[in-house]
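Heads up: the sequence lines are chains A and B, in that order. The opening residue of the first sequence carries number 130 in this note's numbering; numbering runs sequentially from there. The opening residue of the second sequence carries number 6 in this note's numbering; numbering runs sequentially from there. Built from N, CA and C at the ideal position, the CB exists for glycine as well. What follows is a single structure, written as structure tokens, with notes after it.
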Amino acid sequence: SQQGEEDPQALSIQEGENATMNCSYKTSINNLQWYRQNSGRGLVHLILIRSNEREKHSGRLRVTLDTSKKSSSLLITASRAADTASYFCATVRNNAGNMLTFGGGTRLMVKP
Amino acid sequence: ETGVTQSPTHLIKTRGQQVTLRCSSQSGHNTVSWYQQALGQGPQFIFQYYREEENGRGNFPPRFSGLQFPNYSSELNVNALELDDSALYLCASSFLGQKDYGYTFGSGTRLTVV
């Protein structure tokens, strides 16, 4: 079963705009990670945020985490056509080893 | 650039057959995990291996089995293939002991069962 749900399922924006994706999860977590997947290929790790952190930045990426609401958001600023991909959040739950539990993903299309 | 390699990239099998997928972990990583990703869905955890033993398993039947070798390479074996086993199979390596550590994924093996 999937821990998280991404919202929206699909997002289409123009190059230069910001893209925001949201993720909700069900159980307490150790950390939450965001991954990108291009055209059914392997996943690329983007960013990890620990359960005691509220916000993290990496380049054009900004991730927030609200453990009280069991939700996270990923913001991509100044999007580019190359950002077109599927984005997945994945949680590492407490007492569950290193197992990742993924949501269903957001399919982002950035139009040039 | 990924340090995890998987083979083969594509595979077509007939229902009832057996398949073995292979994965070479990233250098320095001591755990390997396997995920199944059906079309249009997020990956589902199959199992994880650490020090050549299974140390976590998702909701998959026993006909899904694996091996991890001393060099941290790994195999996923699926017996009695079913049509629903058609999916992208992803291998991921990480370093157990560092929970604040992202996974490195391979490019996957796309299995089609006909």
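Using the beta-carbon count (16 or more within 10 Å), is residue i buried or exposed?
i: Thr19 of chain B; result: exposed
i: Arg165 of chain A; result: buried
i: Gly113 of chain B; result: buried
i: Pro13 of chain B; result: exposed
i: Val192 of chain A; result: buried
i: Ile205 of chain A; result: buried
i: Thr230 of chain A; result: buried
i: Gly107 of chain B; result: buried
I'd like to know whether the C-beta of residue i is nearer than 9 Å to at least one C-beta of chain B.
i: Gln162 of chain A; result: yes
i: Gln131 of chain A; result: With a pLDDT of 48 at Gln131 of chain A, under the threshold of 50, the modelled position of that residue is not reliable, and the figure given next carries that caveat. Judged by the 9 Å Cβ criterion, Gln131 of chain A is in contact with chain B.
i: Thr220 of chain A; result: no
i: Leu203 of chain A; result: no
i: Met228 of chain A; result: yes
i: Gly145 of chain A; result: no
i: Arg170 of chain A; result: yes
Can you check whether the C-beta of residue i is within less than 9 Å of a C-beta belonging to chain A?
i: Arg115 of chain B; result: yes
i: Val125 of chain B; result: In this structure chain B extends from 6 to 119, so residue 125 of chain B is not present and cannot be described.
i: Tyr77 of chain B; result: no
i: Thr36 of chain B; result: yes
i: Val9 of chain B; result: yes
i: Leu26 of chain B; result: no
Among residues of its own chain, excluding the 5 on either side of residue i, which ones have a beta-carbon nearer than 8 Å to its beta-carbon?
i: Gln31 of chain B; result: Thr7, Gly8, Val9, Ser98 and Thr109
i: Ala210 of chain A; result: Glu144, Val239, Lys240 and Pro241
Looking at the unbroken beta strand (DSSP E) that takes in residue i, where does it start and where does it end?
i: Asp195 of chain A; result: Leu190 to Asp195
i: Ile214 of chain A; result: It is Ala, not Ile, that sits at residue 214 of chain A in the sequence shown. Taken as a continuous stretch (DSSP letters only), the beta strand (DSSP E) holding Ala214 of chain A covers Ala214 to Arg222.
i: Ala97 of chain B; result: Ala92 to Ser99
i: Ser12 of chain B; result: Thr10 to Ser12
i: Asn160 of chain A; result: Ile158 to Gln166
i: Ser201 of chain A; result: Ser200 to Ile205
i: Ala148 of chain A; result: Ala148 to Ser153
i: Glu135 of chain A; result: Glu134 to Asp136
i: Gln42 of chain B; result: Thr36 to Gln42
i: Phe231 of chain A; result: Leu229 to Phe231
i: Ala139 of chain A; result: Ala139 to Gln143
Excluding sequence positions up to five away, which residues of its chain have a Cβ less than 6 Å from the Cβ of residue i?
i: Ser130 of chain A; result: Because Ser130 of chain A sits at a pLDDT of 42, beneath the cut-off of 50, its placement in the model cannot be relied upon, and the following sentence gives the value as read from the coordinates. If we look at Ser130 of chain A and ignore the five residues flanking it on each side, it has no Cβ neighbours.
For residue i, is the beta carbon positioned less than 8 Å from some heavy atom of the ligand SAH?
i: Ala43 of chain B; result: Questions concerning the ligand SAH fall outside what the structure shown contains, since it holds no ligand whatsoever.
Just to confirm my understanding: we take residue i, look at its own chain, exclude 5 residues before and 5 after, and list those with CB closer than 7 Å. What are they?
i: Gln73 of chain B; result: Val37, Tyr54, Glu57 and Ser79
i: Ser180 of chain A; result: Ile158, Asn159, Asn160 and Thr196
Q. Which of the residues in the region 175-189 of chain A, read from start to end, lie with their CB under 9 Å from any CB of chain B?
A. Leu175, Ile176, Leu177 and Arg179
Q) Can you list, in chain order, the residues of the region 46-75 of chain B whose Cβ is nearer than 8 Å to any Cβ on chain A? A) Gln46, Gly47, Pro48, Gln49, Phe50, Gln53, Asn60, Gly61, Gly63 and Asn64
**Q.** Interface residues of the region 88-109 of chain B facing chain A [CB-CB below 8 Å]
**A.** Leu93, Leu95, Ala97, Ser99, Leu101, Lys104, Asp105, Tyr106, Gly107, Tyr108 and Thr109
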